[in-house]
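This report concerns only the one structure given below.
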Amino acid sequence: MSIETLKLCAILIALAPLGGAILVGALGRPALRGRSHWLSILGVAVAFVCSLIVFGVVRGAHGEQTSAMISVYDWIASGSGSWFKVEFLIDPLAAIMLVTVTGISLLVVIYSRDYMRDHGEPVRGYERFFAYLALFVFSMCMLVQGGNFLLLYLGWEAVGLCSYLLIGFYYQRPAAAAAAKKAFIVNRVGDFGFGLGILLIYITFRTLDYGRVFQMVEAGVTASGDPLETGRLTAISLLLLCGACGKSAQLPLHVWLPDAMEGPSPVSALIHAATMVTAGVYMVARCGVMFTGSPTAMAVVAVLGAVTALFAATIAVTQTDMKRILAYSTISQLGYMFLGLGVYAAGSAIFHLFTHAFFKALLFLAAGSVMHAMGGIIDIRRFSGLRKILPWTFFTFVLGAIALAGVPLTSGFFSKDEIIHHAFTHHWALGLIGLLTAVLTAFYTFRMVFVAFFGTERVPEGVHPHESGRWMLVPLFLLGIGAVFAGYFGFPGHNFQHFLEPVFHDTFVARSPVPHGAEPAGFWAQYGLMFVSGALALLAILVAYALYVRQPWIPDTIRSSAGRLYTTLLHKYYADEAYDASVVKPLRTGGKVCVGLDDYVVDGLIFVVTAIPRGLAYVLRVLQQGAIQSYAMAMAIGFAVIMWVVLLSTGGCG
Amino acid sequence: MGLSDYLSKLAPELILLVGGCAVLLIGVTRSARPTSIASFASLIVVFLALIATFSAGAPDATASLPGLLFTSLVYYTRLSALGVGLLILLVNWYQAVGEERGEYMAMVLFSLLGILLTASANDLLVLFFAIELVSVPTYVLIGLSRPEHRAPEAAVKYFFLGAMAAALLAYGLSFLYGVAGTTTMHQVVDGVIRSNFVFGSSMGIYAVIGLLFVFAGLAFKVAAVPFHVYAPDVYEGAASPVTGLLGFVPKLAGFVALVKVFGMLSWELPLAIQWLVWIVAAATMTVGNVLALLQQNAKRILAYSSIAHTGYMLIALLVGPVAGGGPMHDGVAALLFYVTVYGAMNLGAFALLAAFSVRGKPAETLSDLAGLGKQAPLAALAFAICVFSLMGFPPTAGFLGKVYIFSSAFSLDSAHSFHGPLVVLAVIGVVNSAIGAAYYLRLVAAVYISRDEQEVVPTGGTPVRLGLALCSIAMLFFFVWPSGLVDRAQANADVVLHGQRVATVVTTASSAGPRPSDGTGAVVFLADSDVRSASDSRDE
Chain U
865 MSIETLKLCA ILIALAPLGG AILVGALGRP ALRGRSHWLS ILGVAVAFVC SLIVFGVVRG
925 AHGEQTSAMI SVYDWIASGS GSWFKVEFLI DPLAAIMLVT VTGISLLVVI YSRDYMRDHG
985 EPVRGYERFF AYLALFVFSM CMLVQGGNFL LLYLGWEAVG LCSYLLIGFY YQRPAAAAAA
1045 KKAFIVNRVG DFGFGLGILL IYITFRTLDY GRVFQMVEAG VTASGDPLET GRLTAISLLL
1105 LCGACGKSAQ LPLHVWLPDA MEGPSPVSAL IHAATMVTAG VYMVARCGVM FTGSPTAMAV
1165 VAVLGAVTAL FAATIAVTQT DMKRILAYST ISQLGYMFLG LGVYAAGSAI FHLFTHAFFK
1225 ALLFLAAGSV MHAMGGIIDI RRFSGLRKIL PWTFFTFVLG AIALAGVPLT SGFFSKDEII
1285 HHAFTHHWAL GLIGLLTAVL TAFYTFRMVF VAFFGTERVP EGVHPHESGR WMLVPLFLLG
1345 IGAVFAGYFG FPGHNFQHFL EPVFHDTFVA RSPVPHGAEP AGFWAQYGLM FVSGALALLA
1405 ILVAYALYVR QPWIPDTIRS SAGRLYTTLL HKYYADEAYD ASVVKPLRTG GKVCVGLDDY
1465 VVDGLIFVVT AIPRGLAYVL RVLQQGAIQS YAMAMAIGFA VIMWVVLLST GGCG
Chain H
196 MGLSDYLSKL APELILLVGG CAVLLIGVTR SARPTSIASF ASLIVVFLAL IATFSAGAPD
256 ATASLPGLLF TSLVYYTRLS ALGVGLLILL VNWYQAVGEE RGEYMAMVLF SLLGILLTAS
316 ANDLLVLFFA IELVSVPTYV LIGLSRPEHR APEAAVKYFF LGAMAAALLA YGLSFLYGVA
376 GTTTMHQVVD GVIRSNFVFG SSMGIYAVIG LLFVFAGLAF KVAAVPFHVY APDVYEGAAS
436 PVTGLLGFVP KLAGFVALVK VFGMLSWELP LAIQWLVWIV AAATMTVGNV LALLQQNAKR
496 ILAYSSIAHT GYMLIALLVG PVAGGGPMHD GVAALLFYVT VYGAMNLGAF ALLAAFSVRG
556 KPAETLSDLA GLGKQAPLAA LAFAICVFSL MGFPPTAGFL GKVYIFSSAF SLDSAHSFHG
616 PLVVLAVIGV VNSAIGAAYY LRLVAAVYIS RDEQEVVPTG GTPVRLGLAL CSIAMLFFFV
676 WPSGLVDRAQ ANADVVLHGQ RVATVVTTAS SAGPRPSDGT GAVVFLADSD VRSASDSRDE
């Protein structure tokens, strides 16, 4: 495989979904109508196949040659002969991300074919949905394989835009419109920091090229040759992290993600698994040179991840909306990934990203299938015992749930355990938080399973539940297989991490304060934690079983006796209320003040200012009967003034 | 100089000329009702001319004919004029509602021919006639554009004021001739420099006066303050498709001519002229934007926006070429890129007005546009793209154009005496484009979020809609791939600096050599004149 093949593939990965999006968007309504999905599926499928080829090429490469910068064309000149290029960086990290993103997206698009039949808006919903979906995939692919910070930023913003469009898909519903705005604005806050970070990179290194920036960081110099201060590196890293917090829904910018479920279920699956929230994790891993160069930044990443993981998991325990529970679990799992990055285990973090993509997409799509059957209702208090009614959905949902809960030998178990393991070697507190979160995860996941699928058969009134069609079930099965078995890419033998080794070797691996592989070699030291966390997960599931199937009255008692704690959790630690009071209300007030100023002060000023030319025009109109003469006069006077000024300034009319 | 020589070097111009005459003949054979034959024929003519341009490729700056010199500026201008010309023809497809369509289309072709000749003129007289060849047909176009009395009124206004501008231009050129003793452009420069472009000396002042008049005459073509007064009335009076044409054709010709005149002097302009351009640029931007804020009529808004855009382009003109600086540091490249992009985006905005009518009349005011977003979503989207491009908003070519123009203002060496003023000018430009956003957003808002909706009737027909679509697609396309245009525009910097000199360098051992590539060439001269004026004042 030559570099030319790689180039072709990289271009196709970007262009195929984009082409699909444009064609569906342009032709969709008049020409394609109900067949719009084909173009989107085709576009994403081409991207997936190309991703597999890229993956194969990278896997087949040896030694130094695992990364290639593929320059497509010069885009914007940045002065003195240098250009911002459209270029793609293909390396193991990009290859894994591409395969994950396009693979999951492909299944989601296929699933949407049936799902959107019933859930699309009556007017143009179907075409619009598929156009946005393909655009989303394009944006994410650009983000992942872009070869410089400008393209990263572009993809970053495009992903934000697509999420806005898709979360607000049912734009007539006020809740959906509000959620879309919330997602966009909260992301803007993060992106502001991200943009500043990129500007700081440009100011420091005078280039936005990954290769040159990373080289300079590694060498510890700035563009002018001065030594690079750690403080500046920390500043850059933290600003970039700001953006990652927004996209990957970490504290304190997590508030948009739970609301994002207002979009159609496939969109949630896409956002949570493949195309959006993973962007932050990817970016931190990509910029590892910078983050690992600053111990402060790494500590922030680790603590942020750990705290978010625990924080979100506790909220998930009390929620009753299936998709909302899943949303908080996503925040929590992303916390794990950041924890992994923060403790220099980037390989494990990406591994968790990979496995998480499978089971989270599966869970959301299965939840979508439940919603499909329940006529749009997704509150687990409203139905129970669905196990009989929706057997296949139940089966696949449980596959996802055991992976999320970390039941031994499933994919989530391996990847999560690795992160906790690394966290322990770094600091016991981080490890403990990881373990505690794992227990909570197993508990709330199976609370959801038991409440919704077990117990007496009960469905909301007026709903005639039916199992979903083939188009929806096939992706569910494929994802189920992935959810259970994807872990074996990384265990035993750490193949996954070894594949990523060339990317992280000089950064996360070499700079780790606790050398990788230097931990005690005994069986228990290596695998002991695995047994502990596996046992804890099973125990938590048993507790959930006991509480929600055997003794359903206990949760109620706990709820009423826990009082304050329960309501705090139910209200998600009052994060939304806090934002409302501290940001939204003051801004609203400020906005009203501005409108007032605009209406009275500015408009008044404009009226006064424009009164002068108006008055002048009136006078002129009286003096001059024909318009042309006055125009000619204006020109002549203007020219005379110019002439006078110029000649005066050149030294008199001599 | 054989016939084949003319054919090979002048192919696009000849095609336009012959084609224009042929279309004129089609007009003579009147049929009972207007048909699209003339429109179609002229489309083919322009297309053929474009093919001829491509097949001839970029001239090597040594090819010449009597009075003409073929530099890469000619190549770029041909591409730009003919490329946008295709769009113009599409938008004007049904223009001249009456029987005069053949004449109308022929005039468009002659106007385009004028632009091409402006770019290749190497003689002051040829330059003058080429500029007038651009202008005269536009008077006719405005007059023919619609049956209402407003159109002939606008045509007459434009004609009289245009005649005045032509007089200024001719007068200025005669001064330059008087100083240099020749009308051949590359010899003018030698003459001027020899007889002294040293201002303060007795001959120098006439060269300044000449330049001043020439600038004034051309400032009218590009609608710069204070020669902008006609624009709003004329734009409003003419039918929308013609207005779209007026935003591009005279502007391109005027700026190409300015580039040629300034390039003739290797951009070694006296400080007073530099300040003049500075003041005119600042005033043009500000006047255009501020007055646009007050308008309710979409065409008047776009007319004032056209004035404001001239101001931005004047910044780039003032910077001039910096060889090897890349488009971010090259005023001429930025200017040429921008004028083309402006032509397309402005045309797109007018194409929307041409494509719909409200209450039996073509859409004109902001309230006429209400409801378009719902009733014609695709057209509204294309319009929005063009307006966002005018605003300078990514992802459109207008954004890159503004980036190039404003960044070019920073390209002079910081030791250069005009570095500071240029930076200030760029800041004024940025502030102005922020002001401009206000009325552009009003246009978009009128289309999408106005309350009392009108019933808009699509009357433009397919070619107009196609033109609108292509304009908006071009805006997106040149954002993604600007180098397609920029590279060609950039080739001109070297030509302006060296090309004409290269052709004539043998004839004179000129005192001022080609401008050095680091952009400090002007310093030499300016320092010279500064010293001179300083010593003059000491003499007094």
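Just so you know, the sequences run in chain order U and H. Counting with our numbering, you get residues 865 to 1518 for the letters of the first sequence. Counting with our numbering, you get residues 196 to 735 for the letters of the second sequence. Even for Gly, the Cβ is constructed at its ideal location relative to N, Cα and C.
- In the three-state reduction of the DSSP assignment, residue 1035 of chain U falls in the coil class, being assigned neither a helical nor a strand state.
- Collapsing the DSSP output to three states places residue 1441 of chain U in a helix.
- Residue-level contact check: residue 1073 of chain U does not touch chain H, since none of the beta carbons of chain H fall below 8 Å from its beta carbon.
- Residue pairing from DSSP places residue 1010 of chain U in a beta bridge opposite U:952.
- Those residues of the segment 355 to 375 of chain H placed with their C-beta closer than 9 Å to a C-beta in chain U are 355, 356, 359, 360, 363, ordered along the chain.
- Judged by DSSP in its simplified three-state form, residue 1336 of chain U adopts helix.
- Straight through space, the alpha carbons of residue 1278 of chain U and residue 1286 of chain U are spaced by roughly 12 Å.
- Assignment of beta-bridge partners to residue 932 of chain U by DSSP yields U:954.
- In this chain, the alpha helix (DSSP H) harbouring residue 1202 of chain U covers 1186 to 1206.
- Residue 682 of chain H carries a helical assignment under DSSP once its states are collapsed to helix, strand and coil.
- Non-local C-beta neighbours of residue 403 of chain H in its own chain, meaning closer than 8 Å and more than five positions away in sequence, comprise 394, 465, 467, 468, ordered along the chain.
- In the DSSP assignment, residue 560 of chain H forms a beta bridge with H:492.
- Within 10 angstroms of the beta-carbon of residue 1421 of chain U lie fewer than 16 other beta-carbons, which makes it exposed.
- By the C-beta criterion, the segment 1206 to 1218 of chain U is judged not to be in contact with the segment 1174 to 1192 of chain U, since fewer than 3 inter-stretch pairs fall below 8 Å.
- In summary, residue 405 of chain H is buried, with 16 or more beta-carbon neighbours lying within 10 Å of its beta-carbon over all protein chains present.
- Close to residue 1212 of chain U, with beta-carbon spacing below 8 Å, lies no residue of chain H; the smallest spacing is near 37 Å.
- Under the 8 Å criterion on CB atoms, residue 1503 of chain U is classed as interfacial with respect to chain H.
- In this structure, residue 1260 of chain U sits away from residue 1237 of chain U, with a CB-CB distance that is not shorter than 8 Å.
- DSSP places residue 552 of chain H in the uninterrupted beta strand (DSSP E) bounded by 551 to 553.
- Closest in alpha carbon position to residue 872 of chain U, among U:1402, U:1405, U:935, U:1404, is U:935.
- Counting only residues of its own chain and dropping the five nearest sequence neighbours on each side, residue 655 of chain H has a CB closer than 6 Å to the CB of 549, 550.
- From the beta-carbon of residue 462 of chain H, no residue of chain U is found nearer than 8 Å; the closest lies around 18 Å away.
- By the C-beta criterion, the segment 951 to 971 of chain U is judged not to be in contact with the segment 1044 to 1054 of chain U, since fewer than 3 inter-stretch pairs fall below 8 Å.
- Nearest Cα to residue 998 of chain U within the set U:1108, U:881, U:1209: U:881.
- Proximity to residue 265 of chain H across H:205, H:557, H:349 peaks at H:205, based on C-alpha coordinates.
- Counting only Cβ-Cβ distances below 9 Å, residue 1426 of chain U has no contacts in chain H at all, with the closest Cβ about 48 Å away.
- In terms of Cα proximity to residue 1374 of chain U, the closest of U:1157, U:1070, U:1009 is U:1157.
- If you ignore the 5 residues before and after residue 370 of chain H, its C-beta comes within less than 6 Å of the C-beta of 401, 404, 405, all in its own chain and listed in chain order.
- For residue 653 of chain H, the enclosing beta strand (DSSP E) starts and ends at 651 to 653.
- Under the Cβ criterion of 8 Å, residue 422 of chain H is counted among the residues facing chain U.
- One thing to note: residue 1196 of chain U has its Cβ no nearer than 8 Å to the Cβ of residue 1257 of chain U.
- Taken through DSSP and simplified to helix, strand or coil, residue 1085 of chain U comes out as strand.
- Looking only at H:473, H:653, H:508, H:427, the smallest Cα-Cα distance to residue 490 of chain H is reached by H:427.
- Taking 8 Å as the cut-off, the Cβ atoms of residue 538 of chain H and residue 586 of chain H do not count as close.
- Remark: three or more beta-carbon pairs, one from each stretch, lie closer than 8 Å, so the segment 989 to 1008 of chain U and the segment 899 to 914 of chain U are flagged as touching.
- Neighbourhood of residue 678 of chain H in chain U, by CB distance below 9 Å: 937, 938, 939, 940, 941, 947, in chain order.
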